[in-house]
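See below for the structure under consideration.
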Amino acid sequence: MSKEILNRIYEKYDGLCIPWTVHFELTYRCNFRCRHCYTVPEECGQELALSEIKRIIRELEEMGTMGLVFSGGEIFLRRDLMDILDFACKRFHVNLLTNGSYIDRERAHKLKEIGISGVEISLYGDKNFHDSLTGVNGSFDMIINSLKWLKEAEIAVTLKCLAMKGNLDQHGYLIGIAQYYGARFKPGVTIYPRTDGSQEPCNLRIPRDSFSMDHLNNWFLEVKQTENNKEKGQYKNKKICKAGRSFASITPDGRVRACPMIPLDLGDLKKRSFKSIWHTEISEELKMLRSFTINDLRECSKCDISGFCVPCIGLNYLENSDFFRPSKEFCRIAYWLFSRQSHPKGGTGYETALC
Amino acid sequence: MRKDQHPERNENHCVWRVVGEEVIILSDHSRKIHVLNEVAAEIWKLCDGTKSLKDIVSVITEEFDVDIETADRDVAEFIENMCRLNLLVLREKANEQRDTQ
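As you go down the protein sequences, you meet chains R and Y in turn. Quick note on our numbering: the first sequence kicks off at 1 and runs consecutively. Quick note on our numbering: the second sequence kicks off at 1 and runs consecutively.
Rendered as structure tokens:
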């Protein structure tokens, strides 16, 4: 696909404030208790009913939205999930985020028949590590089974693997699993605080003293390819991210947000249409989010290594209760990337960059 | 391809939206995005299986400042390309008008 065409479409959607993709959280209920999870189930009211979800999906179709990402919690805990997917897949490019524990052979083939575009499953390490992180014995085996059935059903799978305290040396093992099951390997390095501001998940972030250049080169491979060509000042006067314009999020009880990581409620879909919340009767909060530019990130705009970073106002806010104060975690990651370029073959680099 | 055939969008394998004067199509099979300009967008919208190729050429000739030979050629070329991409199929008989929702 031509990158130019894609960028032009994204810009068009961004300019018209049409969500290209909507991250639709269907439930916060979950059978796993992952220690790094950002959701706060207690904050959620009555989940949207099937009829309400269908109405919202129709509204998004009319607005021009192309893609839906259904997420949770664990989406398969909704008994009406297949009805939702059947309805959505007739109208949208649909991806699922699931922990994989409820995908058996029958469900995998049903997902294929319905027309799911892709499934993303998180795996954090070997059986010991994964089960201890999710708090559920046997969760690793459940995922391996789901990968088997999804492969058989020929569904595109992305295996998301988050680097954290305790699994840094398992990168190769995780890639091996992804390759064996024909899944795309998608490493990640950012652990977010909870949406109520709790920093507890951050205790699992990669500890400084356990980081080596070998780990850096493995886990940051994708980041390197996408981020390290940017030059300082490239984003001057530009919007910070797509959240609030061409990207939106919906909570299980129908609150519209600009992004799952920006816990500002912009309107209630149980009372209003998506279009009125997004286009015609816009809240002050949404107006504010849309007004942000890179220049508002005062510290970032002066930073010498900003080329190694894509600022995230959501993470800034969750860490600092301030959209513009830089996330220490993103600064840390930027330093790692900078140091790798400066010292690609040896040393910790990270230490050098901080000195 | 004959002029009495009825092109129909292969809606099971793509998602499409009208955005301004353009049509954007996301193909599930090829995972490609296609952006149609104003004329192509109009042809695409007409391909609902109820109109023949001849009907479509007639509408395009009326709506745009174009002679019938050019419209004939352009519509045929567009439909052939879209069939090759599995985004359109050709029906021998016209579909009845239906509610796609």
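The beta-carbon is built from N, C-alpha and C at its ideal position, and this holds for glycine as well.
Rounded C-alpha distance that separates residue 123 (chain R) from residue 133 (chain R): Using only the alpha carbons, I get a separation of about 10 Å.
Start and end residues, alpha helix (DSSP H) containing residue 107 (chain R): 105 to 114 is the span of the alpha helix (DSSP H), which, as asked, contains residue 107 (chain R).
Per DSSP, the bridge partner or partners of residue 9 (chain Y): Partner residues in the beta bridge of residue 9 (chain Y), as assigned by DSSP, are Y:88.
Sequence-distant residues of its chain with Cβ nearer than 7 Å to residue 158 (chain R) (five each side left out): Setting aside the 5 residues that flank it on each side, residue 158 (chain R) is surrounded in the same chain by 118, 120, 183, 184, 186, each with a C-beta closer than 7 Å to its C-beta; the list follows chain order.
Rounded straight-line distance, which links the Cα of residue 95 (chain Y) to that of residue 43 (chain Y): Distance between residue 43 (chain Y) and residue 95 (chain Y), taken at the CA atoms: about 17 Å.
Residue-chain proximity (residue 84 (chain R), chain Y), Cβ-Cβ < 7 Å: Judged by the 7 Å Cβ criterion, residue 84 (chain R) is not in contact with chain Y.
Residue 180 (chain R) burial status per 10 Å Cβ neighbour count (16 or more: buried): That one is exposed.
Test: residue 87 (chain R) CB closer than 7 Å to a CB of chain Y: No, because no Cβ of chain Y sits closer than 7 Å to the Cβ of residue 87 (chain R).
DSSP state of residue 161 (chain R) mapped onto helix, strand, coil: If DSSP states are grouped into helix, strand and coil, residue 161 (chain R) belongs with the strands.
The segment 60 to 68 of chain Y in contact with the segment 9 to 26 of chain Y per 3-pair CB rule at 8 Å: Flag = no, the segment 60 to 68 of chain Y and the segment 9 to 26 of chain Y do not touch.
Reduced DSSP secondary structure (H/G/I, E/B, other) of residue 355 (chain R): For residue 355 (chain R), the pLDDT reaches just 24, beneath the cut-off of 50, and the residue's location in the model is therefore unreliable, although a value from the coordinates is still provided. Three-state result, residue 355 (chain R): coil.
Residue nearest to residue 303 (chain R) in terms of C-alpha spacing, selected from R:331, R:289, R:56: Nearest option by C-alpha distance: R:331.
Assigned exposure category for residue 41 (chain R) - 16 Cβ within 10 Å defines buried: Only exposed fits residue 41 (chain R), as fewer than 16 other CB atoms lie within 10 angstroms of its CB.
Residue-level contact to chain R via CB, residue 17 (chain Y), 7 Å cutoff: By this cut-off, residue 17 (chain Y) is an interface position.
Pairwise C-alpha distance: residue 81 (chain Y) and residue 53 (chain Y): Each residue's alpha carbon lies about 14 Å from the other.
Per-residue burial, residue 46 (chain R) [other beta carbons within 10 Å of its own, 16 or more giving buried]: Exposed: under 16 other Cβ atoms inside 10 Å.
Own chain partners of residue 67 (chain Y) with C-beta closer than 6 Å, once the 5 adjacent residues on each side are dropped: Around residue 67 (chain Y): no qualifying Cβ.
Residues that residue 15 (chain R) contacts on chain Y, provided the C-beta gap is smaller than 7 Å: What residue 15 (chain R) touches in chain Y: nothing, since even the nearest Cβ is about 10 Å away.
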